[in-house]
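Chains as they are written, first to last, in this note's numbering: chain A, 1 to 331; chain B, 332 to 662. Ideal Cβ placement from N, Cα and C applies to all residues, glycine included.
2 protein chains.
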Amino acid sequence: MQARQITLASRPVGMPTAETFGSRVVELAPPGDGEVLVRWLFLSVDPYMRGRMNAARSYVPPFEVGEPLVGSAVGEVVESRSAAFAAGDLVMSMASWSDYEVKPVHSLRRVEPAEGVSASAYLGVLGMPGFTAYIGLTRFGEPKAGEVLFVSGAAGAVGSTVGQIAKLMGLKVIGSAGGPAKAARLGELGFDVGIDYRSGDIVYLLAEAAPDGIDVYVGNVGGSHLIAALEASRDYARFVMCGSISGYNSKAREPGPWNLFRVVQRRLTLRGFIVSDHGSAIGEFTEKMSGWIRAGEVKYDETIVKGLENAPEAFLGLFSGANLGKMVVEL
Amino acid sequence: MQARQITLASRPVGMPTAETFGSRVVELAPPGDGEVLVRWLFLSVDPYMRGRMNAARSYVPPFEVGEPLVGSAVGEVVESRSAAFAAGDLVMSMASWSDYEVKPVHSLRRVEPAEGVSASAYLGVLGMPGFTAYIGLTRFGEPKAGEVLFVSGAAGAVGSTVGQIAKLMGLKVIGSAGGPAKAARLGELGFDVGIDYRSGDIVYLLAEAAPDGIDVYVGNVGGSHLIAALEASRDYARFVMCGSISGYNSKAREPGPWNLFRVVQRRLTLRGFIVSDHGSAIGEFTEKMSGWIRAGEVKYDETIVKGLENAPEAFLGLFSGANLGKMVVEL
Chain A
1 MQARQITLAS RPVGMPTAET FGSRVVELAP PGDGEVLVRW LFLSVDPYMR
51 GRMNAARSYV PPFEVGEPLV GSAVGEVVES RSAAFAAGDL VMSMASWSDY
101 EVKPVHSLRR VEPAEGVSAS AYLGVLGMPG FTAYIGLTRF GEPKAGEVLF
151 VSGAAGAVGS TVGQIAKLMG LKVIGSAGGP AKAARLGELG FDVGIDYRSG
201 DIVYLLAEAA PDGIDVYVGN VGGSHLIAAL EASRDYARFV MCGSISGYNS
251 KAREPGPWNL FRVVQRRLTL RGFIVSDHGS AIGEFTEKMS GWIRAGEVKY
301 DETIVKGLEN APEAFLGLFS GANLGKMVVE L
Chain B
332 MQARQITLAS RPVGMPTAET FGSRVVELAP PGDGEVLVRW LFLSVDPYMR
382 GRMNAARSYV PPFEVGEPLV GSAVGEVVES RSAAFAAGDL VMSMASWSDY
432 EVKPVHSLRR VEPAEGVSAS AYLGVLGMPG FTAYIGLTRF GEPKAGEVLF
482 VSGAAGAVGS TVGQIAKLMG LKVIGSAGGP AKAARLGELG FDVGIDYRSG
532 DIVYLLAEAA PDGIDVYVGN VGGSHLIAAL EASRDYARFV MCGSISGYNS
582 KAREPGPWNL FRVVQRRLTL RGFIVSDHGS AIGEFTEKMS GWIRAGEVKY
632 DETIVKGLEN APEAFLGLFS GANLGKMVVE L
């Protein structure tokens, strides 16, 4: 039995290129006791993976050069050597970027999509991005009905979920996304204002959208959106930092916001978090989010790229904003 | 009855100069009912006053050009038209930079220094700077015994108090100050490590002083000390921001720290606060701090500049590090 894999050919400096990725075919040993052979159906590509391409240890260890990239995936059990799973079962776990893989059953989570929910949703709105949105907003944003929330990357997997949950909690929600189509999509998702940040200077665009300021910001730790959020902040505003996509591919040290002194002047709280610290809340999240999706209260977009060989392209597309909602590779 | 006043002659751009300040003599009307005539004994000069020299409204309104500068002061009642105070009583309040002033009694707080405590201490360790240290550390720093705290401006009025309270709470305390004499003074105040930040790059000096990292940072919102603290931060560290002295005199927008992404990577919390929001804790503070001073557990330094006419020089000295402990003008 053979498997195709996409590997890290070399560590990128700045934006990854075609040279960053390689591929190979490996021979798979048949599953042993307590193992299953999985055919991957959907692979997740996420911005945080860029950090794992560097040699430096961050909150997750680096990928190894010459070895497959690794991310969340949903697959189907093809052959089982365990009573826990049978052929045909849907499962998810961390996976090598590959078409087939042998996995120990303790690393797998069963996936049983409800009527009308695709299995790929477990990589997005019901997976890590949706959970990130939920934890960030509910554990760190201290949202209160009537307040104003601003979320960047609002057409993406995390941002679109943050905005919709905030609407359910009674906030006024302003989102920012790149381009008129994405900005318009925010309106369809129930956002009060969808800003196309490419249409001008986000500092002024946000000031116009939130003339009385913002109480909660959910977004990246750097770039012009953080500057804009600091300028627009009301006293005691909360800033929830869950990524820094604009800096992931920087070769040089990018300066931080010139207006960080607003933190003192306006008594702000900035908090960073890593969603994997909050695993104990996954049950609560799954129950609530499943309910919201069933009730049509949270919608989710997916951008599907077909073919394992196109996984690098899908990954790179994250940084040019090629995705509406969750970017997924379908095998 | 005449009073001498130091006025804001013009709004400074960048560092204030001799042209920033003026002086005049005004005729004082005698105190009316409910008023007292006060002779000021000690005027406080504090870094935050730089912000009030700008036209823009911050968390306190700007000084008026042509009018006296205003700050905390301790004085003696000379003539009273109220039963609340008698001639000879010591009082404190916000005061014009002047030798004499007529004040309504409701604006005054009585000062009764304990044995061995100078009246000027009510402008420093027992006043706003000491209260800032206490609130910042106890309300925002979440200090725990055994943790490591780093404080910048550690030989100053706020920083020296932060470090000593943290020692009382069982933390390892690292302070940074400018020059070998100040760094040595930190040792005498009980700090575990006193760094002279002029002796090298603070990023490396702090890494050496705190090889296992820091849990709490109390200091300014900008500059190289914040970069160093971000680099040295342990997971879940708390950053308490109570000023930005390095940027107060900037003409240009200074870039923020290049390593702000540590906030996400290490799950940091950064919080700004304004001490005047916490007035309800002043009783608790005064009782504890008075006790610590009486017991010799908190020491305080003062740099006394004599003469109202030298108040501008004393103020400017704050930005060149001319003070050890609290900078006070004695009239």
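- Glu64 of chain A lies in the beta strand (DSSP E); which residues open and close that run? The count along the first sequence starts at 1 and reaches residue 64 of chain A at position 64. No beta strand (DSSP E) holds Glu64 of chain A; DSSP gives it neither H nor E.
- Query: Just the Cα atoms here: how many angstroms apart are Leu537 of chain B and Ser564 of chain B?
  - Reply: In the second sequence, the residue the question calls residue 537 of chain B occupies position 206. In the second sequence, the residue the question calls residue 564 of chain B occupies position 233. The straight-line gap from Cα to Cα measures roughly 10 Å.
- Query: Which word fits Ala417 of chain B, buried or exposed, when buried means at least 16 other C-beta atoms lie within 10 angstroms of its C-beta?
  - Reply: Locating residue 417 of chain B in the second sequence gives position 86, counting from the first residue. When all chains shown are included, Ala417 of chain B counts as exposed.
- Query: Which residue from A:Met49, A:Gly66, A:Pro68, A:Glu67 puts its Cα closest to that of Val60 of chain A?
  - Reply: Residue numbering aside, residue 60 of chain A sits at position 60 when the first sequence is read from its first letter. Looking at the Cα atoms, A:Met49 is the closest of the given residues.
- Message: Our contact map puts Val263 of chain A next to Gly141 of chain A with C-beta atoms below 8 Å; I'd like the distance itself, whole angstroms only.
- Response: Numbered from 1 along the first sequence, position 263 holds the residue referred to as residue 263 of chain A. Numbered from 1 along the first sequence, position 141 holds the residue referred to as residue 141 of chain A. Val263 of chain A to Gly141 of chain A, Cβ: 16 Å. No contact.
- Message: For chain B, check one thing: does any of its Cβ atoms lie closer than 8 Å to the Cβ of Glu67 of chain A?
- Response: If you number the first sequence from 1, residue 67 of chain A lands on position 67. No, Glu67 of chain A does not count as interfacial toward chain B.
- Any beta-carbon of chain A closer than 8 Å to the one on Ile605 of chain B? Counted from its first residue, the second sequence places residue 605 of chain B at position 274. Answer yes: the Cβ-Cβ gap between Ile605 of chain B and chain A drops below 8 Å somewhere.
- Query: Out of curiosity, what's the CA-to-CA distance linking Phe646 of chain B and Asp377 of chain B?
  - Reply: Your numbering for residue 646 of chain B matches position 315 in the second sequence. Your numbering for residue 377 of chain B matches position 46 in the second sequence. If you take the alpha carbons of Phe646 of chain B and Asp377 of chain B, they lie about 7 Å apart.
- Item | Separation of Gly75 of chain A from Gly88 of chain A, as counted between CA atoms | In the first sequence, counting from the first residue as 1, residue 88 of chain A sits at position 88. In the first sequence, counting from the first residue as 1, residue 75 of chain A sits at position 75. Roughly 9 Å separates the two Cα atoms.
- Query: Which residue from B:Phe592, B:Pro586, B:Glu519, B:Gly553 puts its Cα closest to that of Val221 of chain A?
  - Reply: For the purposes of this step, residue 221 of chain A is taken as residue 221 along the first sequence, with counting starting at 1. When each option's Cα is compared against that of Val221 of chain A, the closest is B:Phe592.
- Item | Beta carbon of Leu37 of chain A nearer than 8 Å to that of Glu79 of chain A | Locating residue 37 of chain A in the first sequence gives position 37, counting from the first residue. Locating residue 79 of chain A in the first sequence gives position 79, counting from the first residue. Taking 8 Å as the Cβ cut-off, Leu37 of chain A and Glu79 of chain A qualify as a contacting pair.
- Item | Near-chain A residues of the segment 539-560 of chain B - C-beta to any C-beta below 7 Å | Val552, Gly553
- Task: Output the distance between the C-alpha atoms of Ala514 of chain B and Ile496 of chain B, rounded to the nearest integer angstrom.
- Result: Looking up residue 514 of chain B in the second sequence gives position 183. Looking up residue 496 of chain B in the second sequence gives position 165. Each residue's Cα considered, the two are about 18 Å apart.
- Task: Mind checking which residues open and close the beta strand (DSSP E) that includes Val315 of chain B?
- Result: Nothing about residue 315 of chain B can be reported from this structure: the residues present for chain B run from 332 to 662 only.
- Task: Give the DSSP bridge partners of Met241 of chain A, in chain order.
- Result: As a first step, residue 241 of chain A must be located in the first sequence, where it is residue number 241. Partner(s): A:Gly219, A:Gly272.
- Answer yes or no: does any C-beta atom of chain B fall closer than 8 Å to that of Pro257 of chain A? For the purposes of this step, residue 257 of chain A is taken as residue 257 along the first sequence, with counting starting at 1. So, interface residue.
- Task: Below 8 Å on the Cβ atoms is my guess for Gly321 of chain A versus Tyr300 of chain A; work out the distance and round it to an integer in Å.
- Result: For the purposes of this step, residue 321 of chain A is taken as the residue at position 321 of the first sequence. For the purposes of this step, residue 300 of chain A is taken as the residue at position 300 of the first sequence. Between Tyr300 of chain A and Gly321 of chain A the Cβ distance is about 17 Å, and since that is not below 8 Å, they are no contact.
- Once you ignore the five residues that flank Ser82 of chain A on each side, which residues in its own chain have a CB closer than 8 Å to its CB? Indexing the first sequence from 1 puts residue 82 of chain A at position 82. So the qualifying residues of the chain are Asp33, Gly34, Glu35, Val36, Val105.
- Residue interval of the beta strand (DSSP E) (run including Pro643 of chain B): Along the second sequence, one-based indexing puts residue 643 of chain B at 312. First-last for Pro643 of chain B: 642-648, but that is the alpha helix (DSSP H), not the beta strand (DSSP E).
- Residues of the segment 295-324 of chain A with Cβ closer than 9 Å to any Cβ of chain B, in chain order: none
- Task: Tell me whether Met289 of chain A is buried or exposed, calling it buried when 16 or more other Cβ atoms sit within 10 Å of its Cβ.
- Result: Mapped onto the first sequence, residue 289 of chain A falls at position 289. So Met289 of chain A ends up on the buried side.
- Query: Going along chain A in order, which residues have a C-beta closer than 9 Å to the C-beta of Asp532 of chain B?
  - Reply: The sequence position of residue 532 of chain B within the second sequence is 201, counting from 1. In chain order: nothing, as chain A lies at least about 15 Å away.
- Taking Cβ positions, are Ser118 of chain A and Ala154 of chain A nearer each other than 8 Å? Counting from one through the first sequence, the residue named residue 118 of chain A turns up at place 118. Counting from one through the first sequence, the residue named residue 154 of chain A turns up at place 154. In this structure, Ala154 of chain A does not lie closer than 8 Å to Ser118 of chain A by Cβ.
- Message: Let's test the definition: count the other Cβ atoms within 10 Å of the Cβ of Leu557 of chain B and tell me whether it reaches 16, buried, or not, exposed.
- Response: Along the second sequence, one-based indexing puts residue 557 of chain B at 226. The residue in question, Leu557 of chain B, is buried, as its Cβ has 16 or more Cβ neighbours within 10 Å.
- Query: Does the beta carbon of Leu254 of chain A sit closer than 8 Å to a beta carbon anywhere in chain B?
  - Reply: Locating residue 254 of chain A in the first sequence gives position 254, counting from the first residue. The question names Leu, but residue 254 of chain A in the sequence shown is Glu. With 8 Å as the cut-off, Glu254 of chain A counts as an interface residue toward chain B.
- Task: For Met572 of chain B, go through chain A and note every residue whose CB falls closer than 8 Å to its CB, in chain order.
- Result: The residue labelled residue 572 of chain B in the question sits at position 241 within the second sequence. Under the 8 Å cutoff, chain A gives Val263, Val264.
- Give me the Cα-Cα distance between His278 of chain A and Ile202 of chain A, rounded to the nearest whole angstrom. The sequence position of residue 278 of chain A within the first sequence is 278, counting from 1. The sequence position of residue 202 of chain A within the first sequence is 202, counting from 1. If you take the alpha carbons of His278 of chain A and Ile202 of chain A, they lie about 32 Å apart.
- Item | DSSP three-state assignment for Val344 of chain B, whether helix, strand or coil | Residue 344 of chain B sits at position 13 when you count from the first residue of the second sequence. If DSSP states are grouped into helix, strand and coil, Val344 of chain B belongs with coil.
- Compute the distance between the beta-carbons of Leu601 of chain B and Phe570 of chain B, then report whether it is under 8 Å. Position 270 of the second sequence, counted from the start, is the residue given in the question as residue 601 of chain B. Position 239 of the second sequence, counted from the start, is the residue given in the question as residue 570 of chain B. Their beta carbons are under 8 Å apart, which means Leu601 of chain B touches Phe570 of chain B by this criterion.
- Would you tell me roughly how many angstroms separate the C-alpha atoms of Trp371 of chain B and Gly136 of chain A, rounded to the nearest one? Stepping through the second sequence from its first residue, residue 371 of chain B is reached at position 40. Stepping through the first sequence from its first residue, residue 136 of chain A is reached at position 136. Distance between the alpha carbons of Trp371 of chain B and Gly136 of chain A: 52 Å.
- Message: Cutting at 8 Å between CB atoms, please list the residues of its own chain near Gly213 of chain A, excluding the five before and the five after it.
- Response: Translated into positions along the first sequence, residue 213 of chain A becomes position 213. Taken in chain order, the residues that qualify are Val148, Ala232, Ser233, Arg234, Ala237.
- Message: One question on the structure: do Ile613 of chain B and Phe462 of chain B come within less than 8 Å of each other, judged by their Cβ atoms?
- Response: Sequence index remark: in the second sequence, residue 613 of chain B carries index 282 (1-based). Sequence index remark: in the second sequence, residue 462 of chain B carries index 131 (1-based). Yes. Within cutoff.
- Message: Which residues does DSSP list as the beta-bridge partners of Asp523 of chain B?
- Response: Position 192 of the second sequence, counted from the first residue, corresponds to residue 523 of chain B. Paired residues: none, contrary to the question.
- Item | Paired residues, beta bridge with Gly136 of chain A - DSSP | Indexing the first sequence from 1 puts residue 136 of chain A at position 136. None, per the DSSP bridge assignment.
- Does the Cβ-Cβ distance between Phe21 of chain A and Leu123 of chain A come in under 8 Å? Looking up residue 21 of chain A in the first sequence gives position 21. Looking up residue 123 of chain A in the first sequence gives position 123. Cβ distance not < 8 Å, so Phe21 of chain A and Leu123 of chain A don't count as in contact.
- Query: Based on the DSSP output, what are the partners of Met327 of chain A in its beta bridges?
  - Reply: Reading the first sequence from its first residue, position 327 is the one you call residue 327 of chain A. Beta-bridge pairing links Met327 of chain A to A:Thr303.
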